[in-house]
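Below is the structure:
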């Protein structure tokens with residue numbers, strides 16, 4: 001979508017300024033994509049095939065799931081591998097060390113949220 005915007009648009013200018021001032025904004029923008037972290041989390045739990053993921057994430061369309069898997073692969077958070085000796089060809093996904101490290105950071109963020117945003121009363 002951002003590729004479709006003019007380079008001179010206010011949105012693009014603001015995005016560049018945020019990125020230049022704090023690189024974390026790029027990461028937050030990426031991980032904030034709907035369903036992305038849910039897919040990564042499910043893959044980390046062993047849901048390694050598309051159909052299994054689709055069943056574990058109710059409400060996500062096949063097109064959206066395929067897009068999020070592609071995002072995760074491009075960022076190096078998961079790997080996509082062909083399962084040998086299967087007919088028809090089957091694909092399996094697994095989390096990388098980079099993906100595991102991101103989940104550790106998100107677990108810390110979850111702990112912070114539970115302490116400061118939704119404290120037990």
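Numbering (UniProt numbering), first residue to last: 1 to 121. Where is the CB? At the ideal position from N, CA and C, for every residue including glycine. Note that this is a predicted model, so its numbers are computed, not measured.
Review point. Residues in its own chain within less than 8 Å of residue 157 by CB, not counting five upstream and five downstream?
Key: In the structure as shown, the chain begins at 1 and stops at 121. Residue 157 is therefore absent and cannot be evaluated.
Exercise for review: Apply the 10 Å Cβ neighbour rule to residue 59 and answer buried if 16 or more other Cβ atoms are within range, or exposed otherwise.
Suggested key: For the purposes of this step, residue 59 is taken as the residue at position 59 of the chain shown. By the 16-neighbour rule on beta-carbons within 10 angstroms, residue 59 is exposed.
Review point. Can you name, in chain order, every residue of its own chain whose Cβ lies under 8 Å from the Cβ of residue 33, other than the five neighbours on each side?
Key: The residue given as residue 33 occupies position 33 in the chain shown. Excluding residues within five positions, the ones whose Cβ falls inside 8 Å are 68, 71.
Practice item. Could you tell me which residues DSSP pairs with residue 95 in its beta bridges? Key: Locating residue 95 in the chain shown gives position 95, where the first residue counts as 1. Per DSSP, the beta bridge partners of residue 95 are 78.
Point to revise | Validate contact between the region 34-53 and the region 88-105 using beta carbons, cut 8 Å, 3 pairs | key: The region 34-53 is in contact with the region 88-105.
Check your understanding: Roughly how many angstroms separate the alpha carbons of residue 112 and residue 120, rounded to a whole number?
Key -> As a working mapping, residue 112 is identified with position 112 in the chain shown. As a working mapping, residue 120 is identified with position 120 in the chain shown. If you take the alpha carbons of residue 112 and residue 120, they lie about 13 Å apart.
Review point. Looking at C-alpha atoms only, which residue of 86, 90, 94 is the closest neighbour of residue 76?
Key: By 1-based counting over the chain shown, the position of residue 76 is 76. Nearest C-alpha to residue 76 among 86, 90, 94: 94.
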